[in-house]
Amino acid sequence: MIMTTTTFRLGLGALALTALAACQPPVPDSGAGVGFGDYTQYQRQREAQLSGQAASSLPPASAVSSETLEPTGAGTTAVTPLNGGTVDAGSEIAAETRAVLGGAGAGGTAPLDASPSNPPPVAVNSAGLSAENDFSAVGEQRSIADDKALIAQNRAAYTQVQPEALPTRTDTGPNIVAYALQTSHAPGQSQYRRTSLPGAEGRYQRACAAYPSPDLAQTEFLKAGGPERDRKGVDPDGDGFACSWDPRPFRKAAGG
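In structure tokens:
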């Protein structure tokens, strides 16, 4: 009894497994593609399809015409002018182009004609230069007779000034040139007695600053009683020369 029950249970289990296996769908082949046998077959079909499309996109050789195309006549369009005649548009455009190229340029200046029949322009001298040394230029301007007449005209206008006596000096004041020639010592060598007072340097600077030049300072110094007396303090070293006045240029000019 026990063996019969066990056998019955095993039979039911086998039937249940068989039923489940029948209900489960079959597993597809992993090496096969979708809608075809395998991937190799798919590649061959794809290549054949692409080759067929490329061949169909090109027209057959018989579809190309071998006829010669006639010109459209865009450059030879005939234009009817107002007077009733016929004018070729291409010829008219070519004529206008030649006229523009032969006329003035963009800057308003005609182009340079370098042909042998067109000689170069004559160079014009500057206003301040003379062409008297250019014999060819002078020969073109005037003849030998014209030169003689011009020389005679210049001689008639020539005036020779005769030397005259020097004018007499009207100024009776001191002459610094004569004073420079009367002295022979160098600047800075004391010749006259001076009293050194406090503030003498500042007084000297202020007094000399009032004169535009050492020559005028020396002239006023001589007028005021110098060089023996120095009332304004312009000759503190006693050399007889006020405000650094130097007599040596005058001596040199006179050859001394």
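In mature numbering (1 follows the signal peptide of the UniProt record, and there is no 0), the protein residues as written are -21 to -1, 1 to 235.
The beta carbon of each residue, even a glycine, is placed where N, CA and C say it ideally should be.
- Query: What are the start and end residues of the alpha helix (DSSP H) that includes residue 197?
  - Reply: Per DSSP, residue 197 belongs to the alpha helix (DSSP H) from 193 to 202.
- From 200, 219, 147 and 140, pick the residue whose C-alpha is nearest to that of residue 210; which is it? The candidate whose alpha carbon is nearest that of residue 210 is 200.
- Pull up the distance between the alpha-carbon of residue 233 and that of residue 175, whole angstroms please. When the Cα atoms are used, residue 233 and residue 175 turn out to be separated by approximately 35 Å.
- Message: If the criterion is Cβ atoms closer than 8 Å, does the pair residue 206 and residue 219 meet it?
- Response: With contacts defined by Cβ atoms closer than 8 Å, residue 206 and residue 219 form a contacting pair.
- By Cβ distance, which residues of its chain are closer than 7 Å to residue 213, with the 5 residues on each side in sequence left out? Counting only Cβ-Cβ distances below 7 Å, and skipping sequence neighbours, we find 183, 186, 187, 196, 200, 221 and 222.
- Can you name, in chain order, every residue of its own chain whose Cβ lies under 7 Å from the Cβ of residue 53, other than the five neighbours on each side? Caution applies to residue 53, whose pLDDT of 49 falls short of 50 and renders its modelled position unreliable; the model cannot decide the point.
- Item | Assigned exposure category for residue 123 - 16 Cβ within 10 Å defines buried | Burial is judged here by how many other beta carbons sit within 10 angstroms of a residue's own beta carbon; residue 123 has fewer than 16 and is exposed.
- Item | Presumed contact (8 Å Cβ cut-off) between residue 217 and residue 170, rounded CB distance | So it is a contact: roughly 6 Å between Cβ atoms.
- Assigned exposure category for residue 12 - 16 Cβ within 10 Å defines buried: Note that residue 12 has pLDDT 49, beneath the 50 cutoff, so the model's placement of it is unreliable and the number below is only indicative. It counts as exposed.
- Taking the alpha-carbon positions, what's the residue 225 to residue 156 distance? Looking at the backbone, the Cα of residue 225 and that of residue 156 are separated by about 11 Å.
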